[in-house]
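Going by our numbering, the residue at position 179 of the sequence shown is 707; the numbering climbs one at a time, nothing skipped.
C-beta: ideal position from N, C-alpha, C; glycine also.
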Amino acid sequence: MKCLIIAAGQGSRLRSLAEAKPLMPLKNIPLIDRVIDSAMEAGVDDFYVVVGYNGAKVRAHLEEVSRSKNIPITIIENDEWERANGVSVLKAQPYLNEPFLLLMADHIFDSKIASQLIRRSSENKGIILAVDENLQNTLVDMKDVTRVLVEENQIQKIGKGLESYNCFDTGIFLCDPELFTAIETSSKNQQDDSLSGGVRILAKQGKAGTMPINGLFWCDIDDPNNFKQADMYLSSLIEKCA
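What follows is the structure, encoded as structure tokens:
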């Protein structure tokens, strides 16, 4: 299974902790390494990573990860990293012509989420988004999280400012290459080149499914508070295993 990881953003709210957000260590392991490790545990064996801000440092790190873990990592440059995240997804279009996992370099997660998505690859047209139905999840930043309205496992609406919603976007997707066309359509017709814009196009076509994560762990490391929460959560896991 191929996996696309978006690692192009600036991460301005975490610049005090690391120059390049994907390389920020959490329990001495860089965020992007945690994402790669979880994906590998789920069955991914071929990685594509889009880099942008501080791309040279991220590239050098990924080249070392590729050598040390003996896994192929294709590094894709996005010199338009200041634009919406859908632009980073589109940069990978020439490399992906089959179903793929789509992940964010700053979203850490239980590998079981990805493995459950991968098992559904034969049925996927468009996208399947892993969603968190726990609206009281204390790890979620309500000011920044992307909210989703779902009916019968199909996305009806998605966006950060939704007033009516019943779950959260975890940033973990199983995608068909149709996603690329959807983002291009959203950019052309709606002047919206975000990933969510592409998902909205697919939702109108009935091709934006969901999979509940049923309490499995995920966390978007977006600011120092999220970082501290994730650090405390991982500490609690270490204590349980001791």
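Name the two residues that bound the continuous alpha helix (DSSP H) containing residue i.
i: GLY583; result: 583-597
i: ASP640; result: This sequence places Lys at residue 640; Asp is not what is there. 639-646 is the extent of the alpha helix (DSSP H) around LYS640.
i: SER616; result: 613-619
In the structure shown, what three-state DSSP assignment does residue i receive?
i: LYS756; result: helix
i: ALA770; result: In this prediction, ALA770 has a pLDDT of 43, which is less than 50 and means its spatial position is unreliable; what the coordinates show is noted afterwards. DSSP places ALA770 in coil when its eight states are reduced to three.
i: TYR761; result: helix
i: ASP751; result: coil
i: GLY743; result: coil
i: LEU730; result: helix
i: GLU547; result: coil
i: GLU610; result: coil
i: GLU569; result: helix
i: PRO816; result: Residue coverage of the chain in this structure runs from 529 to 770, which leaves residue 816 outside it and unanswerable.
In the DSSP assignment, the beta strand (DSSP E) including residue i goes from what residue to what residue?
i: ILE601; result: 601-605
i: LYS685; result: 682-687
i: ASP721; result: ASP721 -> no beta strand (DSSP E), and no H or E assigned at all.
i: ASP748; result: 746-748
Where DSSP assigns a beta bridge to residue i, which residues make up the other side?
i: MET632; result: ILE534
i: ALA736; result: ILE655
i: TYR576; result: LEU532 and THR602
i: ILE557; result: LEU554
Between the Cα of residue i and the Cα atoms of the options, which residue gives the shortest distance?
i: ILE749; options: GLY726, GLN538, LYS530 and SER643; result: GLN538
i: LYS653; options: ILE741, TRP746, GLN733 and LEU690; result: GLN733
i: ALA642; options: MET760, LYS530 and THR666; result: LYS530
i: ASP561; options: SER616, GLN664 and HIS635; result: HIS635
i: CYS703; options: THR602, PRO600, ALA588 and GLU651; result: GLU651
i: GLU679; options: GLN718, ASN665 and PRO740; result: PRO740
i: ASP669; options: LYS597, GLN757, LEU707 and PRO705; result: GLN757
i: ALA633; options: ASN613, ASN625, ASP721 and PRO622; result: ASN613
List in chain order: all unbroken alpha helix (DSSP H) runs of 4+ residues lying wholly within the region 652-718. 706-718
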